[in-house]
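Chemist:
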Amino acid sequence: MFRFVFLLILASLMAGGCVSTQELSNHPGDPWEGFNRKVYGFNDNIDRAFLLPLASGYRELAPDFVEDGVGNFFSNLDDVGVAFNNVLQFKFLDAASDVCRVVVNSTVGLLGFIDVASHMGLRKHNEDFGQTLGYWGVGTGPYVVLPFLGPGNLRDGPGKIVDMALWVPMWADIKTAERNNLFALYTTNKRAELMQLEEKTKELSRDRYVFIRDAYLDHRKSLVNDGEVSLDDELYQELEGE
Numbered sequence: 018m019f020r021f022v023f024l025l026i027l028a029s030l031m032a033g034g035c036v037s038t039q040e041l042s043n044h045p046g047d048p049w050e051g052f053n054r055k056v057y058g059f060n061d062n063i064d065r066a067f068l069l070p071l072a073s074g075y076r077e078l079a080p081d082f083v084e085d086g087v088g089n090f091f092s093n094l095d096d097v098g099v100a101f102n103n104v105l106q107f108k109f110l111d112a113a114s115d116v117c118r119v120v121v122n123s124t125v126g127l128l129g130f131i132d133v134a135s136h137m138g139l140r141k142h143n144e145d146f147g148q149t150l151g152y153w154g155v156g157t158g159p160y161v162v163l164p165f166l167g168p169g170n171l172r173d174g175p176g177k178i179v180d181m182a183l184w185v186p187m188w189a190d191i192k193t194a195e196r197n198n199l200f201a202l203y204t205t206n207k208r209a210e211l212m213q214l215e216e217k218t219k220e221l222s223r224d225r226y227v228f229i230r231d232a233y234l235d236h237r238k239s240l241v242n243d244g245e246v247s248l249d250d251e252l253y254q255e256l257e258g259e
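Residue numbers (our numbering): 18 to 259.
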């Protein structure tokens, strides 16, 4: 649920500071492109000042198996929200599979650090509240880049708020400091994963704003329709491990 969305959210933080010099592409789904590019540049400044240094240090210090374990841990937490959204979409078999994934990975998988469920044939699903709204016929509306949150649209933007509320640490009985530490680790780990994506986007597009916008719009449409990723490139499949 959160994984691909957060990859794209954090990808928006990587746009170059020169995006304001790019000509507008006049994409029909992006009527607010001038505003969006400015927010995109703002997000980039935040990324370069805070997130990128943290992620670089994290990658240097953390062995690969630690990064993998942390990613699995948060993926396990995300499965709770995935199950919830599958129920809302009447996909009860998928929801039951999601619940089984959480139970197996939280116990045998040592709180989710080891993805035992996937090896048992319990496939990881990708559902969030934006997809649920799309399932019930809510239109996307214009594309919009949000400060700190990155790419979205008038449907998925509010959906992200619901997804954040469903994230286990937000409602679990833990201290505020522990919740904040978990969120900081989650964000740092995702940004570290994105460092590989950053190199690939440099090779694939001169205008990374356009690349990420088009990738986001295509992928969200595919997810709502329960289809395969229909992008020309394969890099998101590589990052998703699917």
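Every residue gets a Cβ at the ideal spot worked out from N, C-alpha and C, and that includes glycine.
Note that the structure is predicted; figures quoted are calculated from it, not measured.
P168 by DSSP, collapsed to three states: which one?
Modeler: Here residue 168 is taken as the residue at index 151 of the sequence shown, counted from 1. P168: strand per DSSP, three-state reduction.
Chemist: Report the residue ranges of all beta strand (DSSP E) runs contained in full by the stretch 164 to 209; include only those spanning at least 3 residues, in chain order.
Modeler: Fully enclosed beta strand (DSSP E) runs of 3 or longer: 167 to 170.
Chemist: On the DSSP bridge list, what partners appear for V161?
Modeler: In the sequence shown, residue 161 corresponds to position 144, counting from 1. Beta-bridge pairing links V161 to G169.
Chemist: Just the C-alpha distance for D47 and R223, rounded to the nearest angstrom, thanks.
Modeler: Residue 47 sits at position 30 when you count from the first residue of the sequence shown. Residue 223 sits at position 206 when you count from the first residue of the sequence shown. Their backbone Cα atoms lie some 18 Å apart in a straight line.
Chemist: What alpha helix (DSSP H) runs, 4 residues minimum, are completely inside the stretch 60 to 101?
Modeler: With a minimum length of 4 residues, the continuous alpha helix (DSSP H) runs that stay inside the stretch 60 to 101 are 69 to 78.
Chemist: Spatial neighbours of T38 within its chain, please: C-beta separation below 8 Å, excluding the five flanking residues on both sides.
Modeler: On the sequence shown, residue 38 is found 21 positions in, with the first residue counted as 1. Caution applies to T38, whose pLDDT of 46 falls short of 50 and renders its modelled position unreliable; the value that the coordinates give is listed next. So no residue of the chain qualifies.
Chemist: Can you name the start and end residues of the alpha helix (DSSP H) that Q148 belongs to?
Modeler: Here the question's residue 148 lines up with position 131 in the sequence shown. F146 to Y152 is the extent of the alpha helix (DSSP H) around Q148.
Chemist: Anyone know if the C-beta pair for T193 and L71 falls short of 7 Å?
Modeler: As a working mapping, residue 193 is identified with position 176 in the sequence shown. As a working mapping, residue 71 is identified with position 54 in the sequence shown. No, Cβ-Cβ distance for T193 and L71 is not below 7 Å.
Chemist: If you count every other CB in all the chains shown that lies within 10 Å of the CB of K327, and 16 or more means buried, which is it?
Modeler: An answer regarding residue 327 cannot be provided, because it is not within the stretch 18 to 259 covered by the chain.
Chemist: Taking the alpha-carbon of G262 as reference, which of A232, L163, D173 and N143 has the nearest alpha-carbon?
Modeler: The requested residue 262 does not occur in the structure, where the chain is confined to residues 18 to 259.
Chemist: Taking D111 as the reference, which of L139, S73 and A79 has the closest Cα?
Modeler: The sequence position of residue 111 within the sequence shown is 94, counting from 1. Nearest C-alpha to D111: L139.
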